[in-house]
Amino acid sequence: LETVHILDEYRHAIANELARITGLDSQFCFNLVENKFPKDASTGDFSIAVPRMKLPGVPAEIAKDLESKFTVNSTFASVKAAGVFLKFYVSSNYFRDRLLPRVLSQGEKYGHNSVGFGKVSIVEFSSPNIAKPFHVGHLRSTIVGNFIDNIQQANGWTTVTINYLGDWGKQYGLLAVGFNKYGDEAKLAADPIRHLFEVYVKINADATADATVHDEARAYFSKMEDGDKAALGLWRKFVDLSIVKYREIYGRVNVGFDIYSGESQYSATSPATKLVGAKMRELGLLKEDQGAQVIDLNEHKLGVAIIEKRDGGLMYLSRDVAAAIARQKEFKFDNMIYVVGSQQDFHFKQLFKILEMMGVPWAEKCQHVNFGMIKSKDGNMSTRKGTVVFLEDILDNVQESMLDVMKRNEAKYAQIQNPTHVADVIGITAVMVQDMSARRNKDYEFNWDRMLAFEGDTGPYLQYAHTRLCSIERKADFEVPATVDVSQLTEPVALTLLDVIAMYPDIVREVGSSLEPCTIVSYAFRLSHAVSNCIEALYVMNQPQEIASARLALYKAARITLGNALRSLGVIPLERM
Ligand code: ARG
């Protein structure tokens, strides 16, 4: 796959010329050029802070001197000294000629690169808890995690996606006790997630009133830990049925997992955890503290981590240590990403520190990709105490609201073939785009109206831009010819669109390391705005053939690029809406 990073080409062109003039190392100069596209590609510029070149003399004078010596070439139209800065203005014709054929031939691969070639990345995300509602934190993890999986693949990584279910611990003993009392097999089969939650709520209420219920739960869970067939059978049924239902719901948001795993794999008696326990003991990491086995992390300001409780039970943290070690053994990963909300920052700091103390050489390959909370004014999104919302409810809600919005345009609505499906996809796009519009670690407010609007920077707007491009291709009565004459594209709006299309590979690569979906989202908006400016001004129909071909090629390249950006976000690009 031939990937050309326009950004690198510019940086190299600047660096080589500066190295030639000054005798400095060209790699050193390369690193001085900002690794970022100018905000506005058409008038933008790259700049260098001259003092950073560490040349003897007065920086402002050096800047002037370099300006006069810099040879303007096909890459740069001009160079200007501005105080202690040198500014480089790009000449856009440089890459335009080569761009369209590349995008059209690469199609869905346009923008991809092979940075991660031959390397394995584990992406663990979503990870809801059985019998408890799938809360908005899990929704964010699902959206962001799926995005990370896509973007890693676009950067050439081989990924393994894991859904690490919360399915172990005393609360599952409680659930079983509750099921024996309140459970209904038919309801369980029909909608396991909701029914288990119902049961869970009831038995929790019982337990609050009567502490002996807790003892029963503890006894049940210890039978599970001991491998009791009957106890495990019931629990297994909960898990299996829940997974069937999860798969269905994830399918609706276009998300799939390579592996459904869970905390239960790392029970106190599992070989994986026993091995880890032995290793910790051997290294002298464990200390006794009031009957429990702990690791003292105070020296790292991470408190005291309980590994094994007094009754021999393990902790969430202990299971994570065992899971990490088992995954390294199985997949030899080069990178493992946990997509979990910021509330668990401390947990992951403890986890990574313990791995480091255990001397595993891959500890630094583990990364916690965190995110902020979703807030809501109306309480609709809350799950604790307030209205319980399951992922399915959120999706149904969004679909319904989207249908309402669509129905307002009666003429258009009548033309849509499968309105409920379209509403589902646009609604989900709305949620995803809203979720990924700001930097991950920011909290944001779930705003139904803003999110579902067709105007402004929303998911529906991006889908709309994509469908407009598809419609232009459908309506054109000819195919894009094998060679197009790009010089037919002379209008500033067309040149800007070309420039924005050209940036995509660099954006993908940048995001491959920042793992910030908002960079792709803002790129998609920038692209869509450029598309919209073009569509309003440059027609394909009734134009001289040469011009029509060049414009159609441009629109097709834009459609491919926007489609790729949307797919990397996990969004299915619509052809009609
Ligand atoms: N099930 C957990 C929860 O809902 C999230 C699991 C995160 N992953 C992990 N490896 N600890 O809070």
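The sequence shown begins at 530 in this note's numbering and counts up by one. Backbone N, C-alpha and C define an ideal beta-carbon position, used for all residues, glycine too.
- Message: the ligand ARG and D874: does the residue's C-beta get closer than 7 Å to at least one heavy atom of that ligand?
- Response: no
- Message: Are the CB atoms of F663 and P721 within a distance shorter than 8 Å?
- Response: no
- CB I651 to CB F599, shorter than 8 Å? no
- Take the Cβ of H995 as the centre, count every other Cβ of all protein chains shown within 10 Å, and call the residue buried at 16 or more, exposed below. buried
- By Cβ distance below 6 Å, which residues in the same chain neighbour L547 in space, the five residues on each side in sequence not counted? C558
- Kindly provide the ranges of any beta strand (DSSP E) runs that are 3 or more residues long and lie completely inside the stretch 715 to 798, ordered along the chain. 788 to 791
- Item | At least 3 beta-carbon pairs within less than 8 Å: the stretch 835 to 842 vs the stretch 809 to 825 | yes
- Query: S771: buried (16+ other C-beta within 10 angstroms of its C-beta) or exposed?
  - Reply: buried
- In the stretch 568 to 654, which residue ranges form an unbroken beta strand (DSSP E) of at least 3 residues, counting only runs that do not cross its ends? 574 to 578, 605 to 611, 614 to 619 and 649 to 653
- Message: So, at 6 Å on beta carbons, what are the nonlocal neighbours of L1095 in its own chain, with the 5 sequence-adjacent residues on each side left out?
- Response: P1102
- Task: Name the one or two DSSP bridge partners that H897 has.
- Result: Y867
- Quick one: residues in its chain with C-beta nearer than 8 Å to the C-beta of E1008, no 5 flanking neighbours on either side, listed in chain order? none
- Item | Beta-carbon proximity of F676 to S1057, cut-off 8 Å | no
- Going by the CB atoms, is the gap between Q819 and I866 shorter than 8 Å? no
- DSSP puts G695 in a beta bridge; with which residues? N658
- Query: Closest to G685 by CA distance: which of K638, V773 and E1104 is it?
  - Reply: K638
- Message: Going by beta-carbon coordinates alone, are G901 and K971 separated by less than 8 Å?
- Response: yes
- Cβ neighbours of S555 in the same chain (closer than 7 Å, five flanking residues each side left out): A544, N545 and A548
- Item | Sequence-distant residues of its chain with Cβ nearer than 7 Å to S1078 (five each side left out) | V1009, P1010 and V1013
- Message: Using CA atoms only, rank isn't needed, just tell me which of Y1068, V1069 and S1042 is closest to N475.
- Response: This structure does not reach residue 475, given that the chain is present from 530 up to 1106, and the question cannot be answered.
- Message: Can you give me the C-alpha to C-alpha distance between Y749 and V962, rounded to a whole angstrom?
- Response: 44 Å
- Item | Span separating the alpha-carbon of I659 from that of I1064 | 49 Å
- For F862, count neighbouring Cβ atoms within 10 angstroms of its own Cβ and tell me buried if that reaches 16, exposed if not. buried
- Item | I535 at chain C interface by Cβ criterion, 8 Å | The structure shown contains no chain C, having only a single protein chain.
- Query: Exposed or buried, which one is G915 when buried takes at least 16 other CB atoms within 10 Å?
  - Reply: The predicted model places G915 with a pLDDT of 38, which falls under 50 and marks its position as unreliable, so this point remains unresolved.
- Apply the 10 Å Cβ neighbour rule to E563 and answer buried if 16 or more other Cβ atoms are within range, or exposed otherwise. exposed
- What residue from L584, A606 and P588 has the CA that sits closest to Y539's CA? A606
- Where does K816 land, buried or exposed, given buried means 16+ other C-beta within 10 angstroms? exposed
- Task: Could you check the C-alpha separation between I691 and Q700 for me, to the nearest Å?
- Result: 23 Å
- Contact the stretch 701 to 721 vs the stretch 730 to 743: 3+ CB pairs below 8 Å: yes
- Query: Measuring CA to CA, which of A1066, A851, G612 and E974 is closest to I903?
  - Reply: E974
- Message: In the DSSP assignment, the beta strand (DSSP E) including V833 goes from what residue to what residue?
- Response: V833 to E837
- Query: G695: beta carbon under 7 Å from a heavy atom of the ligand ARG?
  - Reply: yes
- At a cut-off of 7 Å, is N511 close to the ligand ARG when judged by its beta-carbon and the heavy atoms of the ligand? This structure gives no information on residue 511, because the portion of the chain shown stretches from 530 to 1106.
- Does DSSP put Q946 in a helix, in a strand, or in coil? coil
- With a threshold of 7 Å, establish whether the CB of P657 neighbours any heavy atom of the ligand ARG. yes
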